[in-house]
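So the sequence shown is residues 90 to 256, counted in the working numbering. The beta carbon of each residue, even a glycine, is placed where N, CA and C say it ideally should be.
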Amino acid sequence: MRLEILEYPDKRLRKVSESVTRFDADLSKLLDDMHETMLGAHGIGLAAPQVNRPLRVFIVDLSLQEDEAKVRHEFVNPKISEGTGKISFEEGCLSVPGVGESVNRKKRIRVDYQDRTGKAQVLYAEDLLAVAIQHEYDHLDGILFVDRLSAIKRALVKRKLERQVQL
Ligand code: Y12
Ligand code: CO
């Protein structure tokens with residue numbers, strides 16, 4: 090089932106999401122619905138709060154990008170550590186339509202998380218996958234990629250978004 094994607098400036102995008110405690114059929118259904126919603130919107134990453142489920146869950150699927158492995162990554166209760174190096178990448182977000190801006194992130198990260206069955210997993214990611222994971226992780230803390238721009242760029246983007254909302 091396709092879910093509605095919340096868009097800036099919706100305040101529900103600003104909540105800090107709760108950890109998942111039940112690894113049940115509802116969680117599996119949420120993950121399946123999120124995949125369907127993300128693919129339907131031509132996205133490569135989606136976090137549960139973007140579809141109004143304030144849970145620490147996100148998915149990343151880079152198979153729409155050339156040369157990327159066709160893996161449906163699912164992260165439940167993720168924790169990012171061991172960030173090294175720097176990367177600047179032009180990011181977009183299904184909740185901030187029409188805006189693409191370069192953001193500075195860590196180039197390599199370690200992510201500890203659980204899969205949909207509750208099993209503990211570890212992933213070492215770099216480059217685009219690392220960028221996508223850091224972008225989606227931010228959603229779990231109510232942070233949008235535009236919050237990470239310089240003050241001047243953020244003000245310009247905010248003005249553009251406010252004009253879009255009025256239209
Ligand atoms: C690298 C950077 C960011 C992510 C997070 C996931 N982002 C998306 O899935 C973005 C999807 C998307 C972006 C679009 O471009 C803009 O909004 C500028 C877009 O095109 C339009 O809205 C016109 C459509 C989808 C992962 C990895
Ligand atoms: Co996003």
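Stretch pair the segment 106 to 125 + the segment 137 to 154: three plus CB contacts closer than 8 Å: yes
Distance, Val149 Cα to Ile222 Cα: Here residue 222 is taken as the residue at index 133 of the sequence shown, counted from 1. Here residue 149 is taken as the residue at index 60 of the sequence shown, counted from 1. Roughly 7 Å between the two C-alpha positions.
Three-state class that DSSP yields for His131 in the structure shown: As a first step, residue 131 must be located in the sequence shown, where it is residue number 42. Coil.
N- and C-terminal bounds of the beta strand (DSSP E) containing Val192: Reading the sequence shown from its first residue, position 103 is the one you call residue 192. Val192 -> beta strand (DSSP E) spans 190 to 203.
Proximity winner among Leu250, Ala136, Ala219, relative to Asp230 (alpha-carbon distances): Mapped onto the sequence shown, residue 230 falls at position 141. Asp230 has its Cα closest to that of Ala136, out of Leu250, Ala136, Ala219.
Beta-carbon proximity check, Thr126 vs Leu151, cutoff 7 Å: For the purposes of this step, residue 126 is taken as the residue at position 37 of the sequence shown. For the purposes of this step, residue 151 is taken as the residue at position 62 of the sequence shown. Not closer than 7 Å, so no.
heavy atom of ligand 1 below 6 Å from Ile133 C-beta: Taking the first residue of the sequence shown as 1, we reach residue 133 at position 44. Checking the Cβ of Ile133 against ligand 1 gives yes.
Nearest-angstrom Cα separation, counted from Leu212 out to Lys168: In the sequence shown, residue 168 corresponds to position 79, counting from 1. In the sequence shown, residue 212 corresponds to position 123, counting from 1. Taking the straight line joining both Cα atoms gives about 10 Å.
Inter-residue CB distance, Gln253 and Ser184 (contact presumed, cutoff 8 Å): Start at 1 with the first residue of the sequence shown, and residue 253 comes out as number 164. Start at 1 with the first residue of the sequence shown, and residue 184 comes out as number 95. Actually they are not in contact, since the Cβ atoms of Gln253 and Ser184 sit about 13 Å apart, beyond 8 Å.
Cβ neighbours of Leu250 in the same chain (closer than 6 Å, five flanking residues each side left out): On the sequence shown, position 161 is the one that residue 250 refers to. These residues qualify, in order along the chain: Tyr97.
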